[in-house]
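Protein sequences appear in the order of chains A and B.
Under numbering that gives the first Met the number 0, the first residue of the first sequence is numbered 0, with each subsequent residue one higher.
Under numbering that gives the first Met the number 0, the first residue of the second sequence is numbered 0, with each subsequent residue one higher.
All C-beta atoms in this analysis are idealised placements derived from N, C-alpha and C, irrespective of residue type, glycine included.
Since we're looking at a predicted model, the values are computed, not measured.
Data first, discussion second: the structure below is written as structure tokens.
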Amino acid sequence: MEKEIKHTEKTKINKKIILPKDKPESGYWQSLAELQNTEDFKKSVANEFATTPTEKEKEEGWARRDFLKLMGASLALSTFACTRKPTQKIVPYVKRPDDVIPGIANHYASSFVDGSEVFGIVVKTREGRPIKIEANQEYPGSLKKISMRATASVLSLYDPDRLKAPAQHLLNSKKTNYDSLPIKWKKLDAAVVKELKKSSVGILTGSISSPSTKALIYNFKQAYKARHYSWDIENFDSLKQAQKISYGTSLVPHYRLDKAKMILSVGADFLGSYLSPTEMSGLFAKGRKPSKNMSKLVMFESGLSLTGSNADIRHGVKSSEYLSILMGVLYQLIIVKKRSSYAWDKNLRQILTNYNESISLVELNKKLNLSNIADELWSNRKKSLVITGGVSTETKDSTLLHITANFLNTLLSNDGRVVDYKESNYTSFKSSEKDLTKLILDIKSGLVKRLIIHDTNLLYSNAGNKDLLKALKKLKLLVYIGSHLDETAKISNFVAPDNHSLEKWGDNQGQNKLYSIMQPTISPLYDTRSFQDSLISWIKEVKVFNSKDYYSYLKNYWRYQFYPKYKKTNQTFDDFWFDILQKGFVDANKNRYKTNNSVRKFNMSALSWLKPSLPLNSYELSLDSNIATRSGKMTNVSWLQEVPNPITKICWDNYLSIPLSMADKENLKQGQVVELKTSTDKNAETIKVPIHIQPGQADNTMSLFIGYGQTYGSVAKGVGVNAFALLNFIKNKKVYAGMPAFIKKTSKINLLASTQSQHSMQGRRIVIEKTLDDILTLTKPIESREKQPTLWSTIKYKGQKWGMSIDLNTCTGCSSCVIACQSENNIPTVGKKYVSEGRSMHWMRIDRYHTGDAKNPDTVFQPVTCQHCDEAPCETVCPVAATVHGDEGTNDMIYNRCVGTRYCANNCPYKVRRFNWFDFTKLSTPLEMSLNPEVSVRDRGVMEKCSFCLHKVTELRHKKSVDKKTKHINDGEVQTACQEACPTNAINFGDSNDKKTKVSKDFASKRAYTLLHELNLKPGLRYKAKVKNVKKLKSEKKSSKHGGSSHG
Amino acid sequence: MAKRPILVLDNKDYKQVTEDVCSLVETVPGKNFFALLLASKSLLLYFIITMGLIAVYGMGLMGVNSPVGWGTDIVTFVFWIGIGHAGTLISAILFLFRQKWRTSIARTAEAMTVFAVMTAGIFPLLHTGRPWLAHWLLPYPNQRGPLWVNFRSPLIWDVFAVSTYALVSMTFWYVGLVPDLATVRDRAKNKVRKFIYGVLSMGWRGTARHWNHYEMVYMILAGLSTPLVLSVHSIVSFDFAVSQLPGWHTTIFPPYFVAGAVFSGFAMVVTLMSILRTVIPHFKHYVTVNHLELMNKIIMTTSLLVGYSYAAEFFIAWYSGHGVEQYAFINRAFGPYWWSYWIMVSCNVIIPQLFWFKKIRRNLIVMFIISIFVNIGMWFERFVITVTSLHRDFLPSSWGMFNFSAYDLGAIFGSFGLFFMLFLIYLRVFPSISMSEVKPVLKVGRDDEH
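Next up, the structure:
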């Protein structure tokens, strides 16, 4: 079926020229000659109007008209390019690929693993390209939500810096210089297998959540008598070890924050970066409904974390004091208040008294009021929680810290109830620091000479570990299976590029009896092969193996492992498999989040390990993990680099957070670069890092994010410094926190790109915050100030009118919505320089304000996007009517119409309009494949802003009007990108004309108010006031003072 | 009746006036002139390159950002439009009020107006994100569907106000030139000159009928220009006043802007006249110290008006009881841009008060320096209004700083290149003093009035 486009119009036109016909058409004739129509007459008619252009003249040379014609033509030809319009052949589908309808998106269920989190995802593809990752609305694992990193993983598929083909590295004997040669997969396999056959093989992976991959690695181990090592940056070693010591089993428990009425967190940033923040944010938000049962969160930490900023009560303490704080609470319960039967345990009393002698827990109580906390924990026993953990708690005593927390949970009868040890999210989490230590020893002793590393950039995350580098250089063969030419890949002999997780098959275990499938949604973009396929092709060389590739292996695994257990009655395997692919997972535990478990017996001898943890006299450094970039994977994704940290509002950098007191004492300025080291040793690693002065940072402490300072990738390279170089090793234990820190000032200033320079609300009514008591006794709407009068007559919206509500009480500030919005709406990233110049393009931004004193302030968050004012100030001032009001109450922006006067942005009191200062649409190939075709990209010089995802409304409405002959969209049928991504369901979107919708109910709430209420702009977005479970707000202490404090 | 001061010195007769004025047009300029022209052209080239790069790469090269959406371009636009006020005020309003001293400065002041408006006109065009689509701001029947301009937008009013002003002031200026161009034509000694000035003078023969028509047209145009002097800057001020931004949203803006415009315009006239008097010696006889003193008096008066406006803004902000409004003004004077505010106040309110002293009013060097200060001060007034109001508005989260760059410098200083180049060419092409208007105010033949 070939169709050729040709320009055939000419011949048609020629036909229209009237030529003398055989008979006069009209029936009238002028002369006899015409009537007879002789040949002579025909000739004379042809020449009737011709004055010159006759054959006769041609014989003499150029006729005048011909000459003029030619002149004209040559002029035209000389001034216009004279190429012919090329013939372009287009070929329609002979057989349309199944399921691909151009213009209609397809959704595929799959799953995504990120460190300790497993998400059920739905991949939205358009014409075969994955363009957005959304949560699988059936998957029970992470409360039907996904993290911002999962959303951003779609961009990592199109990362231009990915390894594109297998390569061999020619290394010299020192393994320093290298030259990369392309190599065919076959040759690579032959070379690798030849080496592997010589035995002494090791394989190092991260924690593996895929059951079939685990089995496959077992096959590989058998085939080559290989040793398997499992290591991750975050291994949760101290947590697992403490569980083992306290209760006998090494596991990662599941914290059911929704059941806890009183939560005491010591350094555990469970809303930001610890364990499974997405799910825990959702659970936490469930307990935060403003009622008598609202939970209370008390936080002790050194740096201000996302959890700390959401706490009702927060104290800044040193990381080395963490253990003493838990001991202090225990002291109050056991010694002072004599609670529970443990109060008569002599051993315990002895341990506590001894501890009190070396570190006065009584003094600590006076300082931090631990007695009240102990009372509240006790009165809420069975429904309270003591939680600790995360990078910033990895002090030298972190295991003891976990043991004490475990004991407190047992004492308060939380174990089995709030601490759910059966329903572990991380049943598959088996990596440990010991494996790495063992690997180094095994290489040294010659047990491992040939090593395969899968997707673990060892050299980056162990930058301070010189033994490791030495050991890896000793290897005879190093094969790296990963995605980028990173530090580890550079010293390997062979690089076998792995598929992206959207390009390969796989499966994952999310929770107990919850297995999800991973489907490829696009065929590999480059000449890459999945890790599992690489293993299979190497196994096949030495052993008979019945699976020809990983797909058949995976299918067989499911056939024999899961099909018999989880099939429906009389279901064939093919049907079962089809169901799994469609649904994305199999869930065999229907009682998840419902039942309580029995109480585990606490091993009292565990407490004998406890010994006082003395605070350091010097400054203390704690490393921490940033919510977007975490431990350094996926840092080449520009979205994750540009989303500002919720607390500091800084992006594109890591920095040394120091308290105000230290800045004063050491005379340090914001952005000033210091030389930092964590040991007095002369050879100790020193890094140069800029200062950030952080309100709420505990005195004499400093915080620094890991995951920066990569040496590869056009995005990540050169962003920040590698903090892993600073790790301390104490008794073979990696210490991330409570390290002694020594700084040396330099005169250099490194500008930190921040999206928000102000910390205070300047005494203005922006985020309304109330105590729980105030909210429960609220009788009239929270905002009742007088409004400015208006001259316009109010417009009535007859049909549906779109509105949005954002509950500031459940919003944790996690910024997931920012990334989801960016992915949905093709929002460009602009880079550090332009962010610092105020050219950030995010449509959705999270405003952060501090209240109270700068030493330990309260923090509030407010997501701000276009408020879709009914009386929008932007609309009246646009000279070309490029921004107008839709008939469903939205404020629409017409990009093509905009000339870019920026008057609208000036007149917008919320400053939500974003201008294309440069051509931000130029993306390096293949990043443009990630663009959503439903939303146009914006030209240079054009204003843009939030559209309330109106394209989603339009798409669904079109579908409904065709399928169901209705244009009405029911509540919840359209979810905006931000709403979909919000892990705490703080955002609602819907028809505010219909009183039954969620958004209308939110609007009617007494807590609801509009931002800048006094301007009377009638926004279509309303906020619900924040509630704190305290007696008195910090902001009220200085309520009379106008202005508040601002610094930084 | 008090005796009027002599308007033209050195007992000039008609022939001498003609010789003095026409000599500039009829002789080849000296090296100094070409040096000045070269300097202005270099500046202009700098301007063209700056603006070209901005048009090619984007507005992001300049200091504007979020939240400061308007910056140097708008500041400098208002600055030049303001300067463009003195010329029409001198030639139209003073004409209607029969102020005879205006005759010797009117021509040049008007030329200044025309060139200042031309310079100003470039800025709103280039400050848009897509300057190639700027014609969308004009309401003409088009093929872009049913789309039309938004008449509610002050920017549309601005387009009309500025273009009307430019057209009328140019016409007014040209009509005034016609009799003098005819004089140059009549004196022409070669054909080319005769032809060019013949065309330019549009067949002027100086008959009584011609003079009759000319006087009528001139009067009508003066009448038309007078309200425009007030309206242009009022409407330019609407760009700010109609918005709801604290610091912009004030009813005092129209009179305040007009006073400021007259203030800056007269300062620019004094600057130019001081230079002209030094460069072209016989100008001293026409633009006397008396003239300059009169203008200095106007500068002092408008300085007081502007000073009053500054004070009134603060009073109203306090009186409004509106926290954000109050903060905007406190921030102006004491925020991060305090220096720009105090430059403005010192240059515009404090320094011109020196003109209370007659000695200073008549001292050429001092008045030149003061006029430069006023020019600087008035640029900063617009900077204060535009930038400091925008950089901190309602939500502290979106507060930021203006990101001044080298391209902003190019826009400011480069525009002087365009202005001075046009002005220098004008000096040598057009009679720069209105001969036909000066001659009637000479003493010649009026000895009885002594």
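One finds S396 in chain B with Cβ atoms closer than 7 Å to the Cβ of Q755(A), taken in chain order. The beta carbon of Y326(B) sits closer than 9 Å to some beta carbon of chain A. Excluding residues up to 5 positions away in sequence, N105, E126 and G127 lie with their Cβ nearer than 8 Å to the Cβ of V99(A) in the same chain. Under the DSSP assignment, E380(B) falls in the alpha helix (DSSP H) whose first and last residues are L363 to F382. Restricting attention to beta strand (DSSP E) runs no shorter than 3 residues, the region 434 to 481 of chain A encloses them at 449 to 453 and 476 to 480, ordered along the chain.
For the C-beta of S242(B), the chain A residues within less than 8 Å are, from N- to C-terminus, P872, V876, Y902, N905 and N906. DSSP lists A752(A) as the beta-bridge partner residues of C650(A).
DSSP places F171(B) inside the alpha helix (DSSP H), whose first and last residues are P153 to R186. Under the DSSP assignment, T204(A) falls in the beta strand (DSSP E) whose first and last residues are V200 to T204.
Annotated three-state conformation of M261(A) is strand, per DSSP. At a cut-off of 9 Å between beta carbons, L132(B) contacts chain A.
Listed along chain A, the residues sitting closer than 7 Å to N402(B) by beta-carbon distance are E836 and G837. At a cut-off of 9 Å, the C-beta of G201(A) has no neighbouring C-beta in chain B.
Per DSSP, the beta bridge partners of E300(A) are G315(A). Cβ-Cβ separation between K800(A) and N992(A): approximately 4 Å, consistent with a contact (criterion under 8 Å). Counting along the chain, the unbroken alpha helix (DSSP H) around M147(A) starts and ends at M147 to L156.
Proximity of H284(B) to chain A, defined by a Cβ-Cβ separation below 9 Å, is not satisfied. In the three-state reduction of the DSSP assignment, R276(B) falls in the helix class. With contact defined as three or more Cβ pairs closer than 8 Å, the region 382 to 395 of chain A and the region 256 to 271 of chain A are in contact.
By the Cβ neighbour-count rule, D12(B) is exposed, with fewer than 16 other Cβ atoms within 10 Å of its own.
Residue V328(A) holds the alpha-carbon nearest to the alpha-carbon of N364(A) among V328(A), L180(A) and E422(A). V386(B) carries a helical assignment under DSSP once its states are collapsed to helix, strand and coil. Here T996(A) has D970, G989 and D990 as same chain residues with Cβ atoms under 6 Å from its own Cβ, once five neighbours each way along the sequence are excluded.
With fewer than three CB-CB distances shorter than 8 Å, the region 211 to 227 of chain B does not count as touching the region 275 to 295 of chain B.
The straight-line gap separating the alpha-carbon atoms of G320(B) and Y326(B) is approximately 11 Å. In the DSSP assignment, S65(B) is bridged to no other residue. Only P878, V879, A880, R896, C897, V898, G899 and T900 from the region 878 to 900 of chain A bring a Cβ to less than 8 Å from some Cβ of chain B. In the three-state reduction of the DSSP assignment, L421(B) falls in the helix class. Minimum Cα-Cα distance from F313(B) among the listed residues L363(B), K190(B), R151(B) and T250(B) corresponds to T250(B). With fewer than 16 other Cβ atoms inside 10 Å of its own Cβ, S960(A) counts as exposed.
Fully contained in the region 859 to 907 of chain A are the following alpha helix (DSSP H) runs of length 4 or more, in chain order: 872 to 876 and 902 to 906. L622(A) and L1020(A) have their C-alpha atoms spaced approximately 38 Å apart. In this structure, K317(A) and T700(A) form a Cβ contact; the two beta carbons are roughly 5 Å apart against a cut-off of 8 Å. In this structure I89(B) is buried. Its beta-carbon is surrounded by 16 or more other beta-carbon atoms within 10 angstroms. The alpha-carbon separation between L639(A) and A151(A) amounts to approximately 7 Å.
Boundaries around K1023(A) are those of the beta strand (DSSP E), L1020 to K1023, since no alpha helix (DSSP H) includes it.
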